[in-house]
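Note that the sequence shown covers residues 1 to 443 in UniProt numbering.
We put the beta carbon where it would ideally sit given N, CA and C, even for glycine.
The block underneath contains the structure these notes are about, expressed in structure tokens.
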Amino acid sequence: MIINTEKNLKYHKNDCWSLKSKPRLSKSSPVCLLGQSYQLSFSGKQDRTVMSVSEGSCCHCKRVCFLSGERESFRRAFSSLLWMTYRRGFPPLDGSVLTSDAGWGCMLRSAQMLLAHGLMLHMMPAGWTWPATHHQTKDDLEVVDAHVLDDSLRESRRDSGKHRRRSLGTALDCGSHEERTHRRIVSWFGDLPSAPFGLHRLVELGRASGKRAGDWYGPAIVAHILQKAVAASEVSDLAVYVAQNCTVYVGDVLNLCGTSRTDLSARCRSGWKSLVLLVPVRLGSDALNPAYTRCVKRLLELRCCMGIIGGKPKHSLFFVGFQDDQLIYLDPHYCQAAVDVQQDNFPLESFHCKTVRKMPFNRMDPSCTVGFYAGSRADFQALCSDVTKALTSSQEKYPIFTFVEGHNVEEMSCASDSFTHIKSKDKPGRIKKKSCLEEFVLL
1 MIINTEKNLK YHKNDCWSLK SKPRLSKSSP VCLLGQSYQL SFSGKQDRTV MSVSEGSCCH
61 CKRVCFLSGE RESFRRAFSS LLWMTYRRGF PPLDGSVLTS DAGWGCMLRS AQMLLAHGLM
121 LHMMPAGWTW PATHHQTKDD LEVVDAHVLD DSLRESRRDS GKHRRRSLGT ALDCGSHEER
181 THRRIVSWFG DLPSAPFGLH RLVELGRASG KRAGDWYGPA IVAHILQKAV AASEVSDLAV
241 YVAQNCTVYV GDVLNLCGTS RTDLSARCRS GWKSLVLLVP VRLGSDALNP AYTRCVKRLL
301 ELRCCMGIIG GKPKHSLFFV GFQDDQLIYL DPHYCQAAVD VQQDNFPLES FHCKTVRKMP
361 FNRMDPSCTV GFYAGSRADF QALCSDVTKA LTSSQEKYPI FTFVEGHNVE EMSCASDSFT
421 HIKSKDKPGR IKKKSCLEEF VLL
């Protein structure tokens, strides 16, 4: 596993961290990273099935190589994920004098990472990895036996280790189509008012929900903010659907992704806009209900899963996988200087992270939003089937969310961090709904 203790991190006044030890992974069990499974041992065995899946499934992770190259494949895949963190030194946010989001913007950064991964799935070739990760000369992952990890965990509490390194390299083919697209996507998240998915734009859209710069944004509110941001952007062949009350209405999704004759992109000409599906859920009261652990794992094992954003005030994280009973995540709590993404060939290193971090499932905050991607109508149909199987295989009697045929006839009055509203009687025979700012029913 990865050694992850309080003393591995140095927390600063701006709520940032720096890693103090080399990440460690167990070679005795596979690592799941957004629908792909990796075995990090050097056994030399050939490919074999990791989990049973039905033929034709577009979502499940199907196999894993047990060759030494799998460690390198995992490192490249993880380092290619887009990493959004606190920034400092950007233009003041509208309506404030703030030039940094350190200490309050972690949920917005986690939301950016979720959307960024969806855009990479949407616009980049399957299996793409950032070329800079191919030039890294030093191995960043330490793979050890399980019994060694127990001893190392105790030792790490006494040894602060070395400072976090950055060695991703800069040797890139900047003229390639893929690299231009990569840079274009990153630029959309730049810290300047004109960036369609930048912090300035997300804060502006959050005003409709009563939020302003410096406030805490919950995982459900940021889902609606992302929906508005994509709808107003130049990405016309992508739609975002946010589930209401833990329910995905299939008819509404089909209407949303149906295209008009004025849409000219290849995907739109096929009669379908690609879909980012966001589902805000609550998986317990003050902590994750252990009964949902297996369900969360099964969702992260799906290839259609974009990841999970969640957390509590000042500590939002972006979960992208797991190993055994430890979640793998990207952490936005690292303050970096703002990058001028309007410059040609602006540096990309600060938008990628090579440090794999883990935390126990029982430390996961129960308030979260799960993301999925479907590139075509057939992918969406497979998504509905595979996600339903993953949800119904949980130990819990009731799934954390459901797919329902038809349409949602109830117009939601506001977007908030509530999910399933409590109904109470104020007079005999009359039902009063609590406002959308009140508490929600726990599953």
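Where Thr85 falls, given that 16 or more other Cβ within 10 Å makes a residue buried: buried
Residue ranges of each beta strand (DSSP E) within the region 340 to 406, 3 or longer: 357 to 360, 367 to 374, 402 to 404
CB of residue 444 within 8 Å of CB of Arg75, strictly: The requested residue 444 does not occur in the structure, where the chain is confined to residues 1 to 443.
Contacts around Asp340, its chain only, beta-carbon distance under 7 Å, and the 5 residues preceding and following it disregarded: Phe346
Whether Arg183 touches Ala229 by CB criterion (8 Å): no
Those residues which DSSP pairs with Gly307 across a bridge: Gly307 is bridged to Gly371.
8 Å Cβ shell around Pro360 - same chain, five flanking residues per side excluded: Asp325, Gln326, Leu327
Unbroken beta strand (DSSP E) run spanning Val276, endpoints: 274 to 282
Local Cβ density within 10 Å of Ala146, reported as buried at 16 or more and exposed below that: Because Ala146 sits at a pLDDT of 47, beneath the cut-off of 50, its placement in the model cannot be relied upon, and the following sentence gives the value as read from the coordinates. Exposed, since its Cβ has fewer than 16 Cβ neighbours within 10 Å.
Three-state class that DSSP yields for Lys312 in the structure shown: strand
Cβ-based neighbour list, Ala195, same chain, cut-off 8 Å, excluding 5 preceding and 5 following: Ser187, Trp188, Phe189, Arg201, Val341
Burial state of Lys314 (16 or more Cβ within 10 Å): exposed
Exposure label - Gln381; buried when at least 16 CB within 10 Å: Around the beta carbon of Gln381, a 10 Å sphere encloses fewer than 16 other beta carbons of the protein chains shown; the residue is thus reported as exposed.
At least 3 beta-carbon pairs within less than 8 Å: the region 269 to 288 vs the region 209 to 228: yes
Option in Trp130, His122, Ala126 with minimal Cα separation from His72: Going by the sequence as given, residue 72 is Glu instead of His. Residue Trp130 is the option with its Cα nearest to Glu72.
Val370 versus Ile309 - alpha carbon distance: 7 Å
Rounded straight-line distance, which links the Cα of Leu238 to that of Pro91: 29 Å
Inter-residue spacing [alpha-carbon to alpha-carbon] between Arg48 and Ala390: Since pLDDT at Arg48 reaches only 41, below the 50 mark, its modelled position is unreliable, and the value read off the structure follows with that caveat. Taking the straight line joining both Cα atoms gives about 22 Å.
Given Glu234 as reference, the closest of Ile185, Glu349, Asp191 once Cα atoms are compared: Ile185
Contact belief for His352 with Ser110 at Cβ below 8 Å, rounded distance in angstroms: That pair is no contact at about 16 Å.
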